[in-house]
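Participant: Under the numbering used here, the sequence shown has 1380 at position 60, and the numbering climbs by one with no breaks.
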Amino acid sequence: ERCRFEMGLQELMGGCPREYVEILHYIDSLRFYDNPNYEKIYKLMRKAISVLQVQEFPYDWEAGFGKVQGS
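1. What residue does the alpha helix (DSSP H) around residue 1348 start on, and which one ends it?
2. Check whether the region 1366-1378 touches the region 1350-1358, counting contact only when three or more Cβ pairs, one atom from each stretch, lie closer than 8 Å.
3. Looking only at its chain, what residues have a beta carbon closer than 7 Å to the beta carbon of residue 1376, apart from the 5 residues adjacent to it on each side?
4. Go to residue 1371, then tell me how far its alpha helix (DSSP H) extends in each direction, as first and last residue.
5. For residue 1339, count neighbouring C-beta atoms within 10 Å of its own C-beta (all shown protein chains included) and say buried if the count is 16 or more, exposed if not.
6. Per DSSP, what kind of secondary structure is residue 1376 in: helix, strand or coil?
Encoded structure:
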């Protein structure tokens, strides 16, 4: 059963940063009344952003996004 889950997880998360898999494992380990450790999830997301070298700002809905600067 566990092996089948891991194979499905690899297929589902293929190409994703390993931090995403860590987050999924953490969430799966929680019971219904557990309080999630949001700081842990946040840190894993920040690590994934860093590893992928994603520029997170500006967002497309923020003022000035996509405007060409005139000279």
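Backbone N, C-alpha and C fix where the C-beta goes; we use that ideal spot for every residue, glycine too.
Facilitator: Reading from the atomic positions:
1. 1338-1349
2. no
3. 1369
4. 1358-1372
5. buried
6. coil
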